[in-house]
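Chemist:
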Amino acid sequence: MYKNKTAEIIYDQMLRTTCKEVSQASLRVMDSIQGEKVCNQMLGLAAALICMLHQYGLNHIDVLGIADNMVYSGENNNMKPDFKAIQSFMKNEWEI
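Each residue of the sequence shown is one higher than the one before, counting from 66 in this note's numbering.
Here it is in C-alpha cells:
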C-alpha cells in the first residue's frame, strides 16, 4: 500500500489508536492556537498536516478519512462526544 515502512507503521498505528487519545491531542493543538487569527489557525493546521504527510509519506485521503471516521462515528453518524467537547471549547473559550 505505502512505499516505505515508516508510512505503513504509522498508518497501522492510526488504525489502532483510540478516539479518546486523538480527541485529547486535538484539544491540545486547538488550545495552543487559540490566540491566533482564524485565517492563521486554519492555514497553520493545514500546513502542519501537509508537512507531516510529506515527512512520513502518508496520503492525505487516508489520514483525513480515518480522522473523519473517528469524529463522526457516533450514533447515527453524529459527532462523538469527545469532539463535541472540542467544538464547545472553541465556541465558549474562543468566543466564536
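Ideal Cβ placement from N, Cα and C applies to all residues, glycine included.
Note that the coordinates shown come from a computational prediction; the quantities given were computed from them, not determined experimentally.
Could you compute how far the alpha carbon of I98 sits from the alpha carbon of K156?
Modeler: As a working mapping, residue 98 is identified with position 33 in the sequence shown. As a working mapping, residue 156 is identified with position 91 in the sequence shown. Their Cα atoms are separated by approximately 14 Å.
Chemist: Measure the CB-CB distance between C84 and M135 and report whether it falls below 8 Å.
Modeler: Here residue 84 corresponds to residue number 19 of the sequence shown, with the count starting at 1. Here residue 135 corresponds to residue number 70 of the sequence shown, with the count starting at 1. Yes, the pair counts as a contact, with Cβ atoms nearer than the cut-off.
Chemist: For V87, which option in M107, W159, Y137 and A112 has the closest C-alpha, if you only look at C-alpha atoms?
Modeler: Here residue 87 is taken as the residue at index 22 of the sequence shown, counted from 1. Among M107, W159, Y137 and A112, the Cα nearest to that of V87 belongs to Y137.
Chemist: Determine the burial state of L129: buried for a count of at least 16 other Cβ atoms within 10 Å of its Cβ, exposed for fewer.
Modeler: Walking along the sequence shown from the start, residue 129 turns up at place 64. By the 10 Å Cβ count, L129 comes out exposed.
Chemist: Restricting to Cα atoms, I'd like to know which of D147, R93, S153 and L123 is closest to A72.
Modeler: Taking the first residue of the sequence shown as 1, we reach residue 72 at position 7. Comparing Cα positions, the closest option is L123.
Chemist: So is D77 buried or exposed if we call it buried at 16+ other beta carbons inside 10 Å?
Modeler: Start at 1 with the first residue of the sequence shown, and residue 77 comes out as number 12. By the neighbour-count rule (16 or more Cβ atoms within 10 Å), D77 is not buried but exposed.
Chemist: Less than 8 Å between the C-beta atoms of I131 and L92, yes or no?
Modeler: Locating residue 131 in the sequence shown gives position 66, counting from the first residue. Locating residue 92 in the sequence shown gives position 27, counting from the first residue. Taking 8 Å as the Cβ cut-off, I131 and L92 do not qualify as a contacting pair.
Chemist: Quick check: what's the CA-CA separation for V94 versus T82?
Modeler: Reading the sequence shown from its first residue, position 29 is the one you call residue 94. Reading the sequence shown from its first residue, position 17 is the one you call residue 82. Near 17 Å, if we compare the C-alpha coordinates of T82 and V94.
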